[in-house]
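If you read the sequences in order, they're chains A and B. All residue numbers for the first sequence refer to this note's numbering, where the first residue is 138 and numbers rise by one. All residue numbers for the second sequence refer to this note's numbering, where the first residue is 94 and numbers rise by one. All C-beta atoms in this analysis are idealised placements derived from N, C-alpha and C, irrespective of residue type, glycine included. None of the values given here were measured: they were computed from a predicted structure. Here's the structure we're looking at; comments come further down.
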Amino acid sequence: MSKPHAIIIGAGFTGTATAHDLALRGFDVTVVERGPIANGTSGRTHGLLHSGGRYAVKDQESAIECIDENLILRKIVPFVIEPNGGLFIALNESDLAYGEEFIESCEACHIPLERLTPQQALKLEPNLNPKLLVAFTIPDGTFDPLRLAMSFAATAKKNGAKFRLYHEVKSLLMDGKGTVTGIRLIDRTSNEEFDLHGDIVVNATGAWAGEITAMAGADVPIKPTPGIMVAFERRATQRAINRLCEPADGDIVLPQRRMMVVGTTSFTAENVDYIPIVEDQLKLMVERAADLLPGLRSVKLRGIYMAPRPLIGSGTGRSIARTFKCFDHKETHNIDGFVTITGGKATTLRAMAEKTSDTVCAKLGINVVCQTKETPLISYRQFYTLN
Amino acid sequence: MAEKWNITLKIYRQKQGEKAHYQEIKMDVNPDENVIDLVERAWAFHDRTLTFAHACHHSTCGACGMRVNDREKLTCITSVRSVVSNGGTLKVEPLRNFPVVSDLVVDMGELYRRMDLVGHQPVNSDRAEAIQPEFRPAGPAEPGEDFIRLSDCIECGLCMSACPVFSSTPDYLGPAVLAGAHQAGPEKNPSLLNLVDSATGVWRCHSVFECTAVCPSNVDPGWRIMELRRKVVGDRIKTLFNPRKTAQVSK
């Protein structure tokens, strides 16, 4: 019997990770992406390898996903990660009060933490706000967004997956019985159109998921929720610095190469193809970053960027859970051959791919277990050097 | 309110099998925006057939290198103000010395292949990467351990595009690759010394330092090539008495 052919739309974190998972499970995989790898939300993430601490109090499901996946990624793709840990710091009484709940919640989510006095914290990171009241260490890290996605893509390619970059989906091909059988594509490097047939089409387009499902007459409850991030031209810490408070605007500053990056905000956008920079948010980010690391106030800005998170649900902004969901459109809209994976965050990309691949296998009646937890990825560079 | 300028964005366009031409788009811009924002807007609102490479938008990935008004730039950190005046023309073209895939997109596979060849490490001990005296350095990691840093080199290819030698001699390893060899540590690897001590290695460089001038990420390839020469000469003197191993770097 020939291998089943999976078409994956989108070469961001979920698309590349799902390509890797399905290729390991013996699928023929084709990934189509209208631009280069990780040109949407994935490339423009903060770069925080979450310990889960940020979600532990309000969203334990996401927090546990984060700590589990954090430990796996450190093992399978160490060459794109700065694994230097993180700190949560309290700057006022209300932060301190939150701290009690934070300790209990982290323990419940098996996120290891250690309490530090201000003196201990300042010894570790001398550029912290000296007015801090207490600090906790947690196993955060920083990752290189593009190279993380490319490492999954390179490994998928080694296992036979094909990548068609700069190829945009024009429409979904459907048979008369409401089953998706493939896609119509345009090769944007030559403007030629052609069809591609598959046994399953996976929509891994994140914040753009609704545009693809609309081609099949279906909708998904995606709320693209952009946020701003600002990069400073100096590195001031080795660890990611989090404000010890409920998720809020500009609550995380983290190091990346020679920079510090602060983020983020949370608002809704109509057009996710281009999200303009809002000047007030930029000012707010600089202020928030300087609350945590006062020295940043005098540092030149290097980059300012926006990215739309693909949040699932009907709430607004930060009240929406950060977990992910895989939709089998046979169940949601009686459309077969078509699944959508969306929501989640960068840190959980592997788990999202596992869930999606499980769904795909179940639909096609294939019984192969996931191997991505134990499979080390190959160098991102091989994405370009493999034929 | 943000300042408002009007400029002409002049974009290099070329699809496979077609001749290159330039497309001009008049745009209202904020001079503090970066060039990549204009290119992305050109695609989002003016012409959906435009292709360009980009990912992180804050200079950590190296994907968005282009020639901007005839100079290699990382477009996500290049402000409009720094390259054009109000009413002027801002020209964007693909990097040189790499094959054009489509419009502003080039194929940088050869650079990645060579970075692997010389064993450049994408993460490294923080002591191996430069320090920043402006801030107080963090306390030590665990006793006996270093912090890990993503490498300064983001493999953007700007130096390879700006290098006049690479442009006439495709076999020349090129500035990013020689800098990568320097970072990988030739003293630890004799076959690496053989690779760079050659007519396509450090001796081909004309010391123009265009690479260092365009590097957006503090790698300073020109300086590293000179350092590599010093190491090669030092090693040659040593090997007068104790011959160097001749093993080649394998692919």
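Top-ranked residue by Cα proximity to residue i, from the options
i, options, result
"A/Tyr303", "A/Leu228, A/Phe150, A/Ile146, A/Val357", "A/Ile146"
"A/His142", "A/Val390, A/Val339, A/Leu228, A/Lys482", "A/Val339"
"B/Asp121", "B/His114, B/Arg207, B/Gly180, B/Leu251", "B/Gly180"
"B/Arg174", "B/Ser291, B/Arg242, B/Glu126, B/Ala221", "B/Glu126"
"A/Gly177", "B/Val128, B/Ile129, B/Ala148", "B/Ala148"
"A/Thr405", "A/Pro445, A/Lys500, A/Ala490", "A/Pro445"
"A/Asp465", "A/Ile441, A/Leu501, A/Gln256, A/Glu407", "A/Leu501"
"B/Trp345", "B/Glu320, B/Asn282, B/Thr153", "With chain B covering only 94 through 344, there is no way to say anything about residue 345 of chain B."
"A/Tyr442", "B/His150, B/Ala146, B/Thr262", "B/His150"
"B/Asn99", "B/Val161, B/Cys154, B/Val211, B/Leu183", "B/Leu183"
"A/Ala290", "A/Thr350, A/Ile226, A/Ala160, A/Phe461", "A/Ala160"
"B/Lys119", "B/His139, B/Gln109, B/Thr153, B/Glu133", "B/His139"
"B/His114", "B/Asn217, B/Gln214, B/Asp196, B/Pro263", "B/Asp196"
"A/Ala258", "A/Val306, A/Cys246, A/Thr182, A/Val271", "A/Val271"
"A/Pro363", "A/Glu407, A/Ile349, A/Cys463", "A/Glu407"
"A/Phe91", "A/Pro267, A/Ile414, A/Arg284", "Because chain A spans 138 through 524 in this model, residue 91 of chain A falls outside it and cannot be assessed."
"A/Asn266", "A/Ala426, A/Thr460, A/Asp324", "A/Ala426"
"A/Ser327", "B/Val198, B/Glu133, B/Asn123", "B/Val198"
Cβ-heavy atom distance, residue i to the ligand SAH, below 7 Å
i, result
"A/Asp473", "Within the structure as shown, the ligand SAH is missing, as the structure has no ligands at all."
Endpoints, the alpha helix (DSSP H) within which residue i is located
i, result
"A/Gly526", "There is simply no residue 526 of chain A to check, as chain A begins at 138 and stops at 524 in what is shown."
"A/Asp417", "416 to 429"
"B/Leu210", "202 to 210"
"A/Arg325", "A/Arg325 -> no alpha helix (DSSP H), and no H or E assigned at all."
"A/Asp495", "486 to 501"
"A/Glu468", "466 to 470"
"B/Val351", "An answer regarding residue 351 of chain B cannot be provided, because it is not within the stretch 94 to 344 covered by chain B."
Anticipated Cβ contact below 8 Å, residue i with residue j, distance rounded
i, j, result
"B/Tyr105", "B/Val185", "7 Å"
"B/Pro314", "B/Ala269", "6 Å"
"A/Leu310", "A/Arg321", "6 Å"
"B/Leu271", "B/Arg317", "7 Å"
"A/Thr484", "A/Asp158", "The Cβ separation is near 16 Å, so there is no contact."
"A/Val476", "A/Ile337", "7 Å"
"A/Glu251", "A/Pro392", "About 20 Å separates the two Cβ atoms, so there is no contact after all."
"A/Pro255", "A/Leu269", "5 Å"
"B/Asp328", "B/Leu285", "That pair is no contact at about 11 Å."
Rounded straight-line distance, which links the Cα of residue j to that of residue i
i, j, result
"A/Val436", "A/Cys507", "46 Å"
"B/Glu238", "B/Thr293", "37 Å"
"B/Leu188", "B/Ser300", "21 Å"
"A/Trp536", "A/Ala156", "Outside the displayed span of chain A (138 to 524) sits residue 536 of chain A, for which this structure offers no information."
"B/Leu333", "B/Val326", "11 Å"
"B/Gly250", "B/Gly158", "7 Å"
"B/Ser55", "B/Asp245", "Residue 55 of chain B is absent from the structure shown; chain B starts at 94 and stops at 344."
"A/Met396", "A/Gly172", "26 Å"
"A/Phe239", "A/Ala193", "7 Å"
"A/Ala353", "A/Gly315", "9 Å"
"B/Thr142", "A/Met287", "24 Å"
"B/Ala137", "B/Lys166", "22 Å"
"A/Arg577", "A/Asp388", "Chain A is shown only over 138 to 524; residue 577 of chain A falls outside these bounds and no answer can be derived."
"B/Gly273", "A/Ser188", "32 Å"
"A/Arg376", "B/Ala156", "26 Å"
"B/Ser260", "B/Arg207", "16 Å"
"A/Cys498", "A/Ile144", "13 Å"
"A/Cys203", "A/Glu170", "27 Å"
"A/Tyr521", "B/Cys154", "15 Å"
"A/Lys462", "A/Arg487", "13 Å"
"A/Glu262", "A/Lys294", "41 Å"
"A/Ile449", "B/Phe240", "36 Å"
"B/Lys324", "B/Asn282", "12 Å"
"A/Thr479", "A/Ala355", "15 Å"
Bounding residues of the beta strand (DSSP E) (the contiguous stretch that carries residue i)
i, result
"B/Asn287", "That residue, B/Asn287, is in no beta strand (DSSP E); its alpha helix (DSSP H) goes 283 to 289."
"A/Asp332", "329 to 334"
"A/Pro447", "438 to 449"
"B/Leu243", "241 to 243"
"B/Phe228", "Careful: B/Phe228 lies outside any beta strand (DSSP E) and carries neither H nor E."
"A/Phe520", "Element bounds for A/Phe520: not the beta strand (DSSP E) but the alpha helix (DSSP H), 519 to 522."
"A/Gly480", "475 to 480"
"B/Val193", "193 to 195"
"B/Ile247", "No beta strand (DSSP E) contains B/Ile247, which DSSP labels as neither H nor E."
"A/Leu310", "304 to 311"
CB contact below 8 Å: residue i versus chain E
i, result
"B/Val216", "Within the model displayed, chain E is absent; protein chains A and B are what it includes."
Ordered list of beta strand (DSSP E) runs contained in the region 157 to 236 of chain A, each at least 3 residues: 165 to 169, 223 to 227
May I have a chain-ordered list of the alpha helix (DSSP H) segments no shorter than 4 residues that lie completely inside the region 106 to 178 of chain B? 128 to 134
Enumerated in chain order, which unbroken segments of the beta strand (DSSP E) with a length of 3 residues or greater are wholly contained in the region 348 to 413 of chain A? 359 to 369, 377 to 380, 389 to 393, 396 to 400
Ignoring anything shorter than 4 residues, give me the alpha helix (DSSP H) runs that lie fully in the region 269 to 330 of chain B, in order along the chain. 283 to 289, 303 to 307
Please specify which runs of the alpha helix (DSSP H), each continuous and at least 4 residues long, are wholly inside the region 246 to 286 of chain A, giving them in chain order. 255 to 261
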